[in-house]
Amino acid sequence: LKERRNQLAGTLSGGEQQMCAIGRALMANPKLLLIDELSLGLAPVIVDRLIEIVDRIRKEKKTTIFLVEQDVEVALGIADKGYIIETGKITKSGPAKELLEDSYIKTAYLGI
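Every position in the sequence shown, counted from 1, becomes a number in this note's numbering once 216 is added.
Structure follows, in structure tokens:
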């Protein structure tokens, strides 16, 4: 975003707007960062970059990240713990690595 610092936030691309929003939130040095649908409407290459950034924030700043994400593989790929919610109810929860290996989740959400 450095090269776009003089540009209005509303004129940035979707991925750049997400990065800008995360950056604004980080200025308050939060202990908890809530991110809703990080990947929605973004190209996979942009999602990959944003996930790297979020994971780096989690590790380097020791910030708790609460990520609500429709892409189960993306969310569980960086999570310590995950919750699967169906029609408003938690149907599965546990360590992210275990959820990624769960046969129900593989079939229902990952198409495996």
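Ideal placement from N, C-alpha and C gives every residue a C-beta, glycine not left out.
When LYS305, GLY304, ILE300 and ILE306 are compared, the shortest CA-CA separation from LYS322 is found for ILE300. Rounded to whole angstroms, LEU283 and SER309 show a C-alpha spacing of 14 Å. The segment 252-313 contains, as complete beta strand (DSSP E) runs of 3+ residues, the segments 280-284, 297-302 and 305-311 (chain order).
In this structure the segment 267-275 lies against the segment 286-301, because at least three pairs of beta carbons, one per stretch, are closer than 8 Å.
For VAL261, the number of other beta carbons within 10 angstroms of its own is below 16, and it is reported as exposed. Nearest to ASP252 by C-alpha distance, out of ALA225, ASN245, THR227 and ALA237, is ALA237.
Pairing LEU228 with ALA241, the inter-Cα distance amounts to about 17 Å. Here LEU242 carries a helix assignment [DSSP, helix/strand/coil]. CA-to-CA, the gap between GLY327 and GLN286 works out to about 14 Å.
Taking C-beta separations shorter than 6 Å and ignoring five residues to either side along the sequence, the partners of LEU258 in its chain run GLY230 and GLY231, following chain order. Across the structure, LEU217 and VAL290 are spaced so that their CA atoms are roughly 23 Å apart.
In the DSSP assignment, TYR320 falls within the unbroken alpha helix (DSSP H) covering 319-324.
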